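J.:
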Amino acid sequence: MRQYFKSGNTKDASWRLSQLKGLLLFIKENEAEIFKALKEDLGKPPVEAFRDEVGTLIKSINFALKGLKNWMSSQKVKLPKIAVSSYAELVPQPLGLVLIISTWNFPFGLSLEPLIGAIAAGNTMVLKPSELAPACSSLLANVMPTYLDTQAIKVIQGGPSVGEQLLQQKWDKIFFTGSARVGRIVMSAAVKHLTPVVLELGGKCPAVVDSLSSSWDQQVAANRIVVSKFGNCTGQACIAIDYILVEKKFASTLVELMKDSIKNMFGDNPRDSNTMGRIVNKHHFLRLKNLLSDLAVKKSVVHGGSMDENNLFIEPTILLDPPLQAEIMTDEIFGPLLPIITYLVDALPFGGIGESGIGKYHGKFSFDTFTHHKAVARRSFLVDFWFRFPPWNVHKLMLFETAYNLDYLGLLLVILGLKKRQRNSQGI
């Protein structure tokens, strides 16, 4: 694949456009199969599958197709006046061979969004989808390649051992989506070859709610919180609300509003609802179950809490002021458990960025992530300044000083020999 990159085929705009169009065709022609795979792996309803994966991917590819010509164009760079005879630009160049390691909660979206950027930037690439979403991984590995140039784009399935073997290889960039724990492993492996990385990790993502809104605004906020947490891959998303920070006097009102929202969206028995997904596997189910095993945490449950291990289902669960030192408040939850933490002072909820990762992507940012913006300078042969070359003397030092200070009158006086340099304490 590295040799194929060196052939230059992927640098051509026509190759990039053809691969993006092939990817778009794969998604459109296999929409039903994508929906089926997402249902099998995660229990996602079709609306959620289209909203969060198929629909957004189609928009992303069309955006790249429309913007690619402009993205590939060189950008002029301003130079100082001293470089009057020079011209400089930033020329976008592909990085080379890149590795994309995806995750299971949005198996298509989080695999193909970075792939779009890597293709648009003209790289060759290896994609490793998550083994925890086997139906989706199989579709990506067995069907998608029939739409693409397999000399440049390969999909490799496998578990942690395969991931470890891939990380031992030399890459020109590694793009990883997943947990902070595995992110550290990826970064440690990248150090060996000084490989740049993008780490799209999780974190404790809070929503801050105050009580200074109208009743309409309060209900809208409750609806948005509920759909974001429980209707977004069942809370198994890095952008899902991990916990809520709310003014103490408004907490009980918010709980009641959220209970109403849950009932309206998922019915009296959410387990029988067709609008809630399932926990990805038994391991993650037991991990979430264990978060509620702490007696102090269990006492804080004000809604929900029921579980069905056979069907990997956990009811939307709200907790009010669980202990801050409990595991549910120290680790990312990644499931349908939503703690509410009350505060008295408005300034308390705001802090830093945490361990959310390194880098950025989506849209033009994806192109930039997989691109080296090479600095290129061109100089005219018509004009050259003799004082740029040795031997050095005080006269040339004065010329540099006046030129760097944009003192054009002073420069003229130095050239004419009408300006003398004041010596400093070192006699220079």
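Note that full-length UniProt numbering numbers the sequence shown so that position 239 is 239, with each residue one more than the last.
We put the CB at the ideal spot given by N, CA and C, even for glycine.
The model shown is predicted, which means the values in this text are computed figures rather than measured ones.
If we count the other Cβ atoms within 10 Å of its Cβ and call it buried at 16 or more, is F389 buried or exposed?
T.: Its Cβ having fewer than 16 others within 10 Å, F389 is exposed.
J.: Could you check what DSSP says for V209 in three-state terms: helix, strand or coil?
T.: DSSP places V209 in strand when its eight states are reduced to three.
J.: Going by other Cβ atoms of all chains shown within 10 Å of its Cβ, with 16 needed for buried, is F365 buried or exposed?
T.: The residue is exposed, with fewer than 16 neighbouring Cβ atoms inside 10 Å.
J.: Does the region 136-153 come within contact of the region 8-28, defined as at least 3 CB pairs closer than 8 Å?
T.: The region 136-153 vs the region 8-28: in contact.
J.: Could you check the C-alpha separation between N290 and I340 for me, to the nearest Å?
T.: Straight-line Cα distance between these residues: approximately 19 Å.
J.: Among T177, S130, K249, whose alpha-carbon lies nearest the alpha-carbon of P160?
T.: Nearest C-alpha to P160: S130.
J.: Per DSSP, K154 forms a beta bridge with which residues?
T.: DSSP lists V126 as partners of K154.
J.: For Y361, does the count of other Cβ atoms within 10 angstroms reach 16, so buried, or fall short, so exposed?
T.: So Y361 ends up on the buried side.
J.: What separation, rounded to the nearest whole angstrom, lies between the Cα atoms of V376 and E89?
T.: Cα-Cα distance, rounded: 5 Å.
J.: Verify whether the separation of the beta carbon atoms of I262 and L288 is less than 8 Å.
T.: No; because the gap between Cβ atoms is not below 8 Å, this pair is not in contact.
J.: Are the beta-carbon atoms belonging to G231 and M187 less than 8 Å from one another?
T.: Their beta carbons are not under 8 Å apart, which means G231 does not touch M187 by this criterion.
J.: So the beta strand (DSSP E) L90 belongs to, where does it begin and stop?
T.: Segment 86-94, the beta strand (DSSP E) holding L90.
J.: Please report how far the alpha carbon of M1 lies from the alpha carbon of G183, in whole angstroms.
T.: So the two alpha carbons sit approximately 25 Å from each other.
J.: Thinking C-alpha only, which one of K192, R278, L295, F175 is nearest N310?
T.: The option with the nearest alpha carbon to N310 is R278.
J.: Check this for me: beta carbons of I244 and L338, under 8 Å apart or not?
T.: It is a contact, given that the beta carbons lie within the stated cut-off.
J.: Throw me the rounded Cβ distance for the R271 and D308 pair, which I believe falls under 8 Å.
T.: Yes, R271 and D308 are in contact; Cβ-Cβ is about 6 Å, under 8 Å.
J.: Starting from H193, follow the alpha helix (DSSP H) in both directions and report where the run begins and ends.
T.: First-last for H193: undefined, no H or E at that position.
J.: Could you tell me the alpha carbon to alpha carbon distance between R378 and Y87, rounded to whole angstroms?
T.: In a straight line, the C-alpha of R378 is about 5 Å away from that of Y87.
J.: Since L97 and I61 should fall inside the 8 Å C-beta cutoff, what is the C-beta to C-beta distance between them, to a whole number of angstroms?
T.: Not quite, the Cβ-Cβ distance comes to about 22 Å (not below 8 Å), so this is no contact.
J.: Based on Cα-Cα distance, which residue from L257, E33, F5 lies nearest to V220?
T.: Closest by alpha carbon: L257.
J.: Is the beta carbon of L68 sitting closer than 8 Å to the one on R16?
T.: Yes, the Cβ-Cβ distance between L68 and R16 is below 8 Å.
J.: Apart from the five residues just before and just after K248, which ones in its own chain have a Cβ nearer than 8 Å to its Cβ?
T.: If we look at K248 and ignore the five residues flanking it on each side, its Cβ neighbours are T342, Y343, L344.
J.: Just the C-alpha distance for G427 and D384, rounded to the nearest angstrom, thanks.
T.: Because G427 sits at a pLDDT of 49, beneath the cut-off of 50, its placement in the model cannot be relied upon, and the point is left open.
J.: Measuring only the C-alpha atoms, how far is E113 from R224?
T.: Spanning the two alpha carbons is a distance of roughly 25 Å.
J.: Whose C-alpha, out of A32, L38, T10, is nearest the C-alpha of M276?
T.: Looking at the Cα atoms, L38 is the closest of the given residues.
J.: Within the continuous beta strand (DSSP E) that includes Y361, where are the two ends?
T.: Per DSSP, Y361 belongs to no beta strand (DSSP E) and is neither H nor E.
J.: Helix, strand or coil, according to DSSP, for T146 in the structure here?
T.: DSSP places T146 in helix when its eight states are reduced to three.
J.: From which residue to which residue does the alpha helix (DSSP H) around V54 run?
T.: Here V54 belongs to no alpha helix (DSSP H), and DSSP marks it neither H nor E.
J.: For S272, which of helix, strand or coil comes out of DSSP?
T.: Here the sequence assigns Asp to residue 272, which means Ser is not the residue at that position. In the structure shown, D272 sits in a helix (DSSP, three-state: H, G or I).
J.: What residues are listed by DSSP as bridge partners for K76?
T.: Answer is E89.
J.: Give the straight-line distance between the Cα atoms of D331 and I239, rounded to the nearest whole angstrom.
T.: C-alpha separation (whole angstroms): 15 Å.
J.: Rounded to whole angstroms, what's the CA-CA distance from E401 to S85? Just pull it up for me.
T.: For E401 and S85, the distance between alpha carbons rounds to 18 Å.
J.: Looking only at C-alpha atoms, which of A32, E31, T195 sits nearest to residue 445?
T.: Only positions 1 to 428 of the chain appear in this structure, which leaves residue 445 out of reach.
J.: Terminal residues of the continuous alpha helix (DSSP H) containing K21?
T.: Looking at the DSSP string, the run of the alpha helix (DSSP H) that includes K21 is 13-29.
J.: With a threshold of 8 Å on Cβ separation, who are the neighbours of V280 within its own chain once the five nearest residues in sequence on each side are excluded?
T.: Here the set comprises D41, L42, W104, N105, L132, A133, Q236, L312.
J.: Considering only their Cβ atoms, is the gap separating Q165 from S137 smaller than 8 Å?
T.: The answer is no: Cβ separation not under 8 Å.
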